[in-house]
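J.: Sharing a structure, written as structure tokens. Questions coming.
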Amino acid sequence: MRLFLPALAALSIVATASSAAAQAPATVAAPSVETTSIGDLLADPATKAVLQKDMPDLITYSGLDQIKGMTLRQISAYPQAKLDDARLAAIQKDLTAAKPH
Numbered sequence: 017m018r019l020f021l022p023a024l025a026a027l028s029i030v031a032t033a034s035s036a037a038a039q040a041p042a043t044v045a046a047p048s049v050e051t052t053s054i055g056d057l058l059a060d061p062a063t064k065a066v067l068q069k070d071m072p073d074l075i076t077y078s079g080l081d082q083i084k085g086m087t088l089r090q091i092s093a094y095p096q097a098k099l100d101d102a103r104l105a106a107i108q109k110d111l112t113a114a115k116p117h
């Protein structure tokens, strides 16, 4: 019985810690031209507004569904994207200022 009570107390502490960790709010990564997919940027109203402002042609691009899994940095390799480092930096600045939901 003596062994049982300390083990039960330890189990209770672990369960409480696990429960608290499970209830902690998830950290949302800041949107990035380097790591956030175009699909994820379009899914959030704040970052979609940035794309509508900075890249209106992207929103109406007929092949949008095919590139939604790519990042803006990845599509910058294609000349038709018209995304150089300066433009990506400007878009990143706007994404950083946006308040994603």
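Counted the way this note's numbering counts, the sequence shown spans residues 17 to 117.
Heads up, the beta-carbon is just placed ideally off N, CA and C, and yes, glycines get one too.
Keep in mind the model is a prediction, meaning the values are calculated, not measured.
1) Whole angstroms are fine: how far does the CA of Ala65 sit from the CA of Asp101?
2) May I ask you to report which of helix, strand or coil DSSP gives Thr52?
3) If we ignore side chains and look at the alpha-carbon of each, how far apart do Leu57 and Leu74 end up?
4) Give the straight-line distance between the Cα atoms of Ser35 and Asp70, rounded to the nearest whole angstrom.
5) For Lys115 and Pro61, what's the separation of their Cα atoms in angstroms?
T.: According to the structure data:
1) Sequence index remark: in the sequence shown, residue 101 carries index 85 (1-based). Sequence index remark: in the sequence shown, residue 65 carries index 49 (1-based). Going from the Cα of Asp101 to the Cα of Ala65 covers about 21 Å.
2) Within the sequence shown, numbered from 1, the residue matching residue 52 stands at position 36. Thr52 falls in the coil class under three-state DSSP.
3) Here residue 57 corresponds to residue number 41 of the sequence shown, with the count starting at 1. Here residue 74 corresponds to residue number 58 of the sequence shown, with the count starting at 1. The alpha-carbon atoms of Leu57 and Leu74 are separated by roughly 12 Å.
4) If you number the sequence shown from 1, residue 35 lands on position 19. If you number the sequence shown from 1, residue 70 lands on position 54. For Ser35, the predicted structure reports a pLDDT of 48, less than 50, and the residue's modelled location is therefore unreliable. A value from the coordinates is still provided. Straight-line measurement puts the Cα of Asp70 at about 43 Å from the Cα of Ser35.
5) The residue given as residue 115 occupies position 99 in the sequence shown. The residue given as residue 61 occupies position 45 in the sequence shown. When rounded, the distance between both Cα atoms is 9 Å.
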